[in-house]
Amino acid sequence: MTKRIAKAIGDRLRRVGPPLADIAPGRSGPALAATLVQVLGLERAERDRLVIFEPAVAPLIRPLIDAADVAPWHVAATGRWIIAVPAAQAADLAQRHPNLARQLAALPAPAALPGGLQPWWALPGGAEQPAAAPRIIVAGQHVAWDETQALVGGPATVVAGAEPYWLALLASTLGRLLLAGDEVARFPIPDAPGPARASLAGLALSAANLAAQRAALEQAVIRRLVADFGPPGVPPGPRLRRWWELSFAELVAAINAELRNDLPPRYRPTWAEIHADQQATHAEASARLVELEQAIDAQVAPLFGLSATEAQALAAG
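Heads up: the sequence shown is residues 10 to 326, going by the working numbering.
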């Protein structure tokens, strides 16, 4: 497909319906600045230490979704937090929460601050509250469904009070192609009959749930590998983090290389069975997710006025 034809099709796609900003006015906007997330973000252990010493600060430390946590259809569970002090509470923070104030005073101020915040670590009015769930989070080419109350930070756009039908449109192959060249607020929302909307909404939620379940499986196996074979403080390396792609012999070698440990011969039959079972479960989930994505793409294309041939050609570039 030539660039001219691709542009013509893209222009046509953007005229199929009103932009998301008109459908849901005021409900899409940027996440917290990445500079604030980098400095104010906390790991779970850091958050727990602050709360143990001063339980009253718990409401000022919120769960965090970083843009890097956004994956296709779902948000990875990272257990990260962020210090979220409203600007209205900044003036007397040292009197009310001295430990937290001391920690903030010791942090390096980012070089570029959004909006000239005073003090720099105080979040502007309303920013300390998460966008209303359910949300759609768009980070790069990844579109995810989120039902948590976490704050979102980094280079991402958050759509509050989102509908699953929008998720299907945005996360489809055509949707991601459109997002690559335009803002989320300008994304066209084609009208559709009730049954078509319901079908796409159901498929999108199924894809989001399945992607989250698959990710949970991936993390559960990694946690067990680390618990059984990892010395304290040694994280899994890149091969173990993708254990489902390894043969059992490769898994044993990765345990040795990345966790500096061996899988004793007497435990290998048990672990070979565990690995095979979890690999099969992962493969089944992946195959089903592909089927859901194909079904979504097939139903989205006509809503944008595309034939199957045009949709395939556009996706192929």
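Every residue, glycine too, gets a C-beta built ideally from N, C-alpha and C.
Just so you know, these numbers come straight off a predicted model, no measurement behind them.
Whether residue i touches residue j by CB criterion (8 Å)
{"i": "arginine 36", "j": "alanine 169", "result": "yes"}
{"i": "leucine 29", "j": "valine 193", "result": "yes"}
{"i": "glycine 38", "j": "isoleucine 198", "result": "no"}
{"i": "arginine 144", "j": "tyrosine 174", "result": "no"}
{"i": "alanine 332", "j": "glycine 163", "result": "The displayed coordinates of the chain run from 10 to 326. Any statement about residue 332 would go beyond what the structure contains."}
{"i": "leucine 268", "j": "proline 245", "result": "yes"}
{"i": "alanine 148", "j": "alanine 217", "result": "no"}
{"i": "leucine 51", "j": "tryptophan 82", "result": "no"}
{"i": "leucine 212", "j": "leucine 102", "result": "no"}
{"i": "glycine 314", "j": "arginine 23", "result": "no"}
{"i": "phenylalanine 196", "j": "leucine 188", "result": "yes"}
{"i": "alanine 294", "j": "arginine 223", "result": "yes"}
{"i": "valine 60", "j": "leucine 116", "result": "no"}
When the options are compared against residue i, the one with the closest alpha-carbon
{"i": "isoleucine 305", "options": "Ile283, Thr279, Leu51, Leu176", "result": "Leu176"}
{"i": "proline 247", "options": "Glu259, Pro241, Ala236, Asp237", "result": "Glu259"}
{"i": "glutamate 55", "options": "Leu323, Ala40, Leu109", "result": "Leu109"}
{"i": "isoleucine 146", "options": "Asp57, Ile74, Ala220", "result": "Ile74"}
{"i": "proline 133", "options": "Ala93, Trp280, Gln112, Gly184", "result": "Ala93"}
{"i": "valine 66", "options": "Asp237, Pro95, Ala294", "result": "Pro95"}
{"i": "glutamate 319", "options": "Gln112, Arg58, Gly88, Thr182", "result": "Thr182"}
{"i": "leucine 70", "options": "Gly242, Arg58, Gly149, His284", "result": "Checking the sequence, you will find isoleucine at residue 70 rather than leucine. Comparing Cα positions, the closest option is Arg58."}
{"i": "alanine 325", "options": "Arg275, Val46, Pro117, Leu186", "result": "Leu186"}
{"i": "threonine 290", "options": "Val243, Trp253, Ala148, Asn270", "result": "Trp253"}
{"i": "proline 311", "options": "Phe257, Gly184, Pro64", "result": "Gly184"}
{"i": "valine 299", "options": "Ala220, Pro139, Gln98", "result": "Ala220"}
{"i": "leucine 45", "options": "Ala142, Ala201, Pro119", "result": "Pro119"}
{"i": "alanine 141", "options": "Trp129, Ala159, Val79", "result": "Ala159"}
{"i": "alanine 43", "options": "His106, Gln104, Ala165, Arg277", "result": "Ala165"}
Opening and closing residue of the beta strand (DSSP E) in which residue i lies
{"i": "tryptophan 154", "result": "151-155"}
{"i": "arginine 195", "result": "Segment: none, arginine 195 is in no beta strand (DSSP E) and carries neither H nor E."}
Segment limits, alpha helix (DSSP H) that includes residue i
{"i": "leucine 234", "result": "203-238"}
{"i": "alanine 258", "result": "257-267"}
{"i": "glutamate 319", "result": "317-325"}
Whole-Å CB distance - residue i paired with residue j, under 8 Å assumed
{"i": "glutamine 287", "j": "leucine 226", "result": "7 Å"}
{"i": "threonine 328", "j": "proline 72", "result": "Residue 328 lies beyond the residue range present for the chain, which begins at 10 and ends at 326; the question has no answer from this structure."}
{"i": "proline 240", "j": "asparagine 265", "result": "Actually they are not in contact, since the Cβ atoms of proline 240 and asparagine 265 sit about 13 Å apart, beyond 8 Å."}
Q) Fully enclosed by the region 41-115, which beta strand (DSSP E) runs are 3 residues long or longer? A) Runs of the beta strand (DSSP E) inside the region 41-115: 70-75, 90-92.
Q: Could you pull out every unbroken beta strand (DSSP E) segment of at least 3 residues lying fully inside the region 282-306, listed in chain order?
A: The qualifying runs do not exist here; there are none.
Q) Along the chain, which unbroken stretches of the alpha helix (DSSP H) at least 4 residues long are found entirely within the region 147-191? A) Runs of the alpha helix (DSSP H) inside the region 147-191: 173-180, 182-188.
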